[in-house]
Amino acid sequence: MGVDTSNLRRIVAASAAGIAALQGATAVKALRDGRRDYVDPIWGPGLGVAAVTSAALGSGDPVRRWTLAAVTSAWAARLAKHTLASVRSKDEEDQRYTEYLGDAGPAEVVRKVFVTQGVAQLLVSAPIQLAAASTLPASARRWLFPAGIALMVAGTAIEATADRQKEAFMARDRDERPDVLDTGLWAYSRHPNYFGDSCVWVGAWVASAASPPAWTTLPAPAAMCYFLVFATGAKRTERRMQDRPAFQDYQRRVSFFVPLPPKKG
């Protein structure tokens with residue numbers, strides 16, 4: 267019982283190749299169109315590529331590897347649709363990339379954006395790759411697999427619901443729209459979409475952790491949570507909104523990340 271290391275090497279190599287192909291094709295179009303934010307919609311699909319590749323090539327428990335592939339693919343497809351709609355709604359690239367890259371040349375853009383995201387996709391999907399090459403133990407530890415899948419499904423539902431609520435809020439007439447979204451899931455967390463996303467990847471690790479060697483992939487969900495909270499997610503949004511009085515009041519009332527009952531007053 268353990269990991270088929272030769273199979274794991276094949277999975278990692280094939281996943282890396284698939285991710286590289288996706289990133290490379292997107293980079294060509296992004297540089298041609300002057301839209302470096304094209305990288306955003308392929309974040310989910312790149313992880314989906316790794317999950318499906320792992321399931322197809324893996325020698326581990328077939329139910330686990332295909333269940334992980336199915337849930338990851340469903341999450342990735344929804345996120346891709348959501349982010350692609352956001353990119354298409356703008357005539358110019360997201361300001362984040364303009365500020366970060368400035369007049370950077372093609373080689374620097376590829377390195378800083380597409381290579382960096384590709385490496386991150388390979389890291390974040392590490393638990394799924396390891397699970398595909400691992401057997402499930404006969405002990406009670408095997409129940410971590412369904413527990414992790416349940417967390418992934420719940421996280422996907424939370425993220426999707428939060429995104430729909432935000433889309434409905436932003437679609438309202440500007441004169442009738444409140445200064446801050448504080449209803450629905452947004453009444454319990456200031457970043458329920460990012461929280462749901464974190465649950466997906468912690469859940470993938472838990473499902474993988476049914477096999478003892480999976481503890482070695484703990485940096486994967488830790489890195490994902492870091493991205494979502496500090497690097498590109500919640501903290502960045504907070505800094506952008508910090509000067510708005512309505513948002514300052516929202517900060518006092520509503521939990522930062524983990525959904526909790528809002529404070530009174």
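Using this note's numbering, the first residue of the sequence shown is number 267, and each one after it goes up by one.
Glycine included, each C-beta is placed from N, C-alpha and C at the ideal position.
Please read all numbers here as calculations on a predicted model, not as lab measurements.
Q: Return the CA-CA distance between Ala404 and Val466, expressed in angstroms with no decimal places.
A: Val466 has its alpha-carbon roughly 25 Å from the corresponding atom of Ala404.
Q.
Do Gly384 and Trp341 count as a contact pair if the criterion is CB distance below 8 Å?
A. Trp341 places its beta carbon 8 Å or farther from that of Gly384.
Q | Helix, strand or coil at Ser521 according to DSSP, with G and I counted as helix | A | In the structure shown, Ser521 adopts coil according to DSSP, grouped into three states.
Q: Report yes or no: do the segment 272-280 and the segment 349-357 share at least 3 C-beta pairs separated by less than 8 Å?
A: Output reads no: the segment 349-357 does not touch the segment 272-280.
Q) Between the C-alpha atoms of Pro528 and Asp357, what's the straight-line distance to the nearest angstrom? A) Whole-angstrom Cα-Cα distance: 37 Å.
(Q) Using a 10 Å radius around the Cβ and a threshold of 16 neighbouring Cβ atoms, would you call Thr349 buried or exposed? (A) With 16 or more other Cβ atoms within 10 Å, it is buried.
Q | Residue from Ala480, Ser400, Arg505, Tyr460 whose Cα sits closest to the Cα of Gly324 | A | It is Ser400.
Q. Given 8 Å as the limit, is there contact between the segment 411-430 and the segment 304-318, that is, 3 or more CB pairs closer than that?
A. Per the Cβ contact rule, the segment 411-430 is not in contact with the segment 304-318 (fewer than 3 Cβ pairs under 8 Å).
Q: Report yes or no: do three or more beta-carbon pairs, one from the segment 365-372 and one from the segment 438-458, lie closer than 8 Å?
A: Counting C-beta pairs closer than 8 Å gives fewer than three between the segment 365-372 and the segment 438-458, which falls short of the contact rule.
Q. According to DSSP, what are the bridge partners of Val269?
A. Answer is Ser400, bridged to Val269.
Q.
Quick check on DSSP: helix, strand or coil for Leu447?
A. Of the three classes helix, strand and coil, the one that applies to Leu447 here is coil, per DSSP.
Q.
Check whether the segment 328-347 and the segment 408-424 touch, using three or more Cβ-Cβ pairs below 8 Å as the test.
A. They touch, by the three-pair rule.
Q. Could you give the C-beta distance for Trp538 and Ala489, rounded to a whole number, given that I count them as a contact under 8 Å?
A. With the chain covering 267 to 531 only, the question about residue 538 has no answer from this structure.
(Q) So, for Glu425: in the same chain, excluding its five sequence neighbours on each side, which residues have a beta-carbon less than 6 Å away from its beta-carbon? (A) Asn459, Gly462, Asp463, listed in sequence order.
Q | Ala397 beta carbon less than 8 Å from that of Ser474 | A | It is a contact, given that the beta carbons lie within the stated cut-off.
Q. Going straight from the alpha carbon of Phe493 to that of Val305, what length do you get?
A. Rounded to the nearest angstrom, the two C-alpha atoms are 16 Å apart.
Q: State the start and end residues of the unbroken alpha helix (DSSP H) segment that holds Ile424.
A: If you look at Ile424, you'll find it in the alpha helix (DSSP H) that goes 410-437.
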